[in-house]
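Protein chains in written order, with this note's numbering: chain A, 293 to 418; chain B, 19 to 183. For reference, the structure is listed below as structure tokens.
If you want it as structure tokens, here you go:
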């Protein structure tokens with residue numbers, strides 16, 4: 293493992309420690325000075341906004357799934373493009389324009405997917 | 019030394035979050051624990067000097083797979099009131115043993131050292147080279163597979179919408 297990842301771990305620990313310390317300090321101080329009298333009115337939305345009704349765990353619209361699927365497709369596409377992009381110079385020198393053509397074919401098929409979704413109105417919110 | 023510490027911390031994280039995935043009563047919380055588990059596995063990959071694999075683990079598993087899983091929960095009707103089946107221990111243990119056997123077989127069969135005695139290195143470069151040479155066809159087929167999955171999602175979503183109106 294390279295030494296650089298130690299810094300990432302340090303940032304991770306430092307960030308988590310900062311949040312954890314401040315959060316526990318704030319909740320400790322709050323507990324010292326607060327008076328605890330909860331009521332239903334206090335739990336409602338403040339000033340503006342609809343009063344909540346029903347549960348939060350409802351069945352979501354299937355439309356969201358299309359957005360998730362689009363995200364997944366272009367996420368996976370990125371996973372295939374990164375090694376290609378990282379070694380592009382070397383591969384271009386060795387294999388010539390074939391490298392560009394192959395990736396263009398890959399992207400063209402995915403562009404077709406985007407066009408299909410667009411044409412079918414999957415990107416529109418009606 | 020620091021690598022050993024990182025390994026044990028990350029392994030602890032992975033095992034604890036995996037336990038939470040299996041034992042959590044709330045399915046959605048189990049899904050969130052699964053993301054933590056994936057991130058921990060990504061950390062182990064980075065620790066093992068495979069940063070590309072770690073990045074892909076975060077991008078694909080903690081990103082895409084987790085999103086699909088959680089959306090699947092949110093799209094399921096009446097998920098939170100569903101009663102969990104209690105008598106799945108035997109099937110669970112069977113699946114776990116099978117998985118362990120596959121993993122042990124893979125580890126035992128893997129070629130860890132080259133002919134020179136040095137550990138075998140697989141970098142991003144060899145991956146890119148394979149995409150562009152030997153596995154060219156499968157590379158393009160992947161794009162077709164993604165296209166097909168999107169078309170399937172669009173068709174299913176439109177059918178669902180039509181039936182609800």
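Where is the CB? At the ideal position from N, CA and C, for every residue including glycine.
In the DSSP assignment, residue 124(B) falls within the alpha helix (DSSP H) that extends over 107 to 127.
Using a 10 angstroms sphere on the CB of residue 379(A), the tally of other CB atoms reaches 16 or more, which defines it as buried.
Distance check between residue 143(B) and each of 321(A), 327(A), 375(A) and 416(A) places 375(A) closest, using alpha-carbon atoms only. Among the residues of chain A, those whose CB is under 7 angstroms from the CB of residue 89(B) are 356, 357 and 360, following chain order. For residue 131(B), the secondary structure class from DSSP, reduced to helix, strand or coil, is strand.
Interface flag for residue 150(B) against chain A is set, since a Cβ pair is found closer than 7 angstroms. At a Cβ-Cβ threshold of 7 angstroms, residue 76(B) and residue 60(B) count as neighbours. At a beta-carbon threshold of 8 angstroms, the residues of chain A lying near residue 158(B) are 394, 397, 398 and 401, ordered along the chain.
Taking a Cβ-Cβ cut-off of 7 angstroms, the neighbours of residue 81(B) in chain A comprise 367, given in sequence order. Under the 8 angstroms Cβ criterion, the stretch 326 to 340 of chain A does not count as touching the stretch 50 to 66 of chain B, having fewer than three qualifying pairs.
With distances taken between CA atoms, residue 412(A) lies nearest to 170(B) out of 88(B), 21(B), 170(B) and 132(B).
Out of 372(A), 360(A), 367(A) and 366(A), the CA that lies nearest to the CA of residue 90(B) is found in 360(A).
Interface annotation, residue 117(B): not in contact with chain A, CB-CB separation never under 7 angstroms.
Contact between residue 52(B) and residue 87(B) holds, with the beta-carbon distance rounding to 7 angstroms and staying under 8 angstroms. Beta-bridge partners of residue 343(A) (DSSP): none assigned.
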